[in-house]
Amino acid sequence: CPRALEHYYLQLKDNFLDQWASRHSVSEERCWEMAALALKVDKGNNPGGYFRAEQYFPIWVIDVRGLEYVRKYMPAASEDLKDMSRVEAMMKFAFEASRSPFALNCHLYGLRRHKMDTVDNAVLGINAKGIEMCDIGDDGERIPLRSLPWNRVTRLSFDRKKLTIVGADTTKMCLYAQSESKARYLLELCRAVHQTLLVLSHQNGKIAPLPQLFQEKSVDRVSTSSTNTTVPNNCEIEKDSDSLLRDSLSSSGDRGQGSVSSKQRVRIKLDSNLDLKIEKMELE
């Protein structure tokens, strides 16, 4: 869809100026390549005309080279693109923006490397390919720590503010959020992105039919509610995507009066249209 492609291009262009704002984020050559493609989209075959450099280059490139240099050499940087159509230029821009490291089609979230840190000093990137983890250097540059494609992620979990990512090689990466709610949100986002990609790949015929585990999954949940029930502060409760699902499905039943115990079976199904269906059944 041309309109969707254009909106995607505009979002990536904003990300380009924002996420590559640090001089040490990416190479200057990559910035020139992205700027040339953006000018091709916006100006056609007239890149030598007037343009506002700050709308096409991160500020650090302008500071290093100067406005006159940028305007003088922009036509030469765009020379190879003269036969490219506007749609082709947008698609090329999107493709180049999606390359690692520091892909621009990422959701970026500031996290902390250690439990006692008081400021964000790491970045978690979530995109269609997988998860990227970066350290933050003294000058604000992102230093890649690890990149895991979705098919190499074996476990995602959080324990209060601690977010744990385990790869297929059993190595573990732990990062800390400012709050438990942020850690929960990041886990839910990872789970949603991964499952959405599975469904889209299935619809496009790129993978085999969805496994039975994904088509229909049953979860037994036991909840005990009491007006005087408390949870010790030192109680460590690790929550993965399944427990998050159970938490999200529980509502007023967990806050009932008295000390009533109940057991529910939650059935999650994908129908023929791949629409998610959730059923709850009380068990005797």
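Residue 142 in full-length UniProt numbering sits at position 142 of the sequence shown; the count goes up by one each step and never skips. Virtual Cβ for every residue (Gly too), placed ideally from N, Cα, C.
Whole-angstrom distance between VAL199 and LEU249, CA atom to CA atom: Because LEU249 sits at a pLDDT of 36, beneath the cut-off of 50, its placement in the model cannot be relied upon, and the following sentence gives the value as read from the coordinates. Their backbone Cα atoms lie some 22 Å apart in a straight line.
Three-state secondary structure assigned by DSSP to CYS31: The three-state reading of DSSP puts CYS31 in helix, counting H, G and I together.
Identity of the residues DSSP links to GLY44 by a beta bridge: None, per the DSSP bridge assignment.
Run of the beta strand (DSSP E) containing TYR109, from where it starts to where it stops: Unbroken beta strand (DSSP E) run through TYR109: 107-111.
Cβ neighbour criterion (16 or more within 10 Å) applied to CYS1: Classification of CYS1: exposed, given that the 10 Å Cβ count is below 16.
Option nearest ASN121 by Cα separation, candidates ASP18, ASP138, ASN127: Closest option to ASN121, Cα to Cα, is ASP138.
Contact check, LEU104 vs LEU10, beta carbons under 8 Å: Judged by beta-carbon spacing, LEU10 lies beyond the 8 Å limit of LEU104, meaning their Cβ atoms are not closer than that value.
Test item: CB-CB of GLU68 and ILE62 under 8 Å: Going by beta carbons, GLU68 and ILE62 fall outside the 8 Å limit.
Distance, PHE102 Cα to SER147 Cα: Counting only the Cα atoms, PHE102 lies some 11 Å from SER147.
TRP20 versus ASP83 - alpha carbon distance: Whole-angstrom Cα-Cα distance: 28 Å.
Per-residue DSSP class, three states only, for VAL70: Residue state, collapsed to three classes: helix.
Whole-Å CB distance - LYS43 paired with PHE51, under 8 Å assumed: Right, their Cβ atoms sit about 6 Å apart.
Contacting residues, own chain, Cβ-Cβ under 8 Å from VAL64 (five flanking each side not counted): So the qualifying residues of the chain are ARG23, GLU28.
Selected residue, minimal CA-CA separation from GLN195, among VAL70, TRP150, TYR176: Checking every option, the nearest Cα to that of GLN195 belongs to TRP150.
Length of the line joining the Cα atoms of LYS172 and SER157: When rounded, the distance between both Cα atoms is 11 Å.
Secondary structure of SER181, DSSP reduced to three states: Helix, per DSSP.
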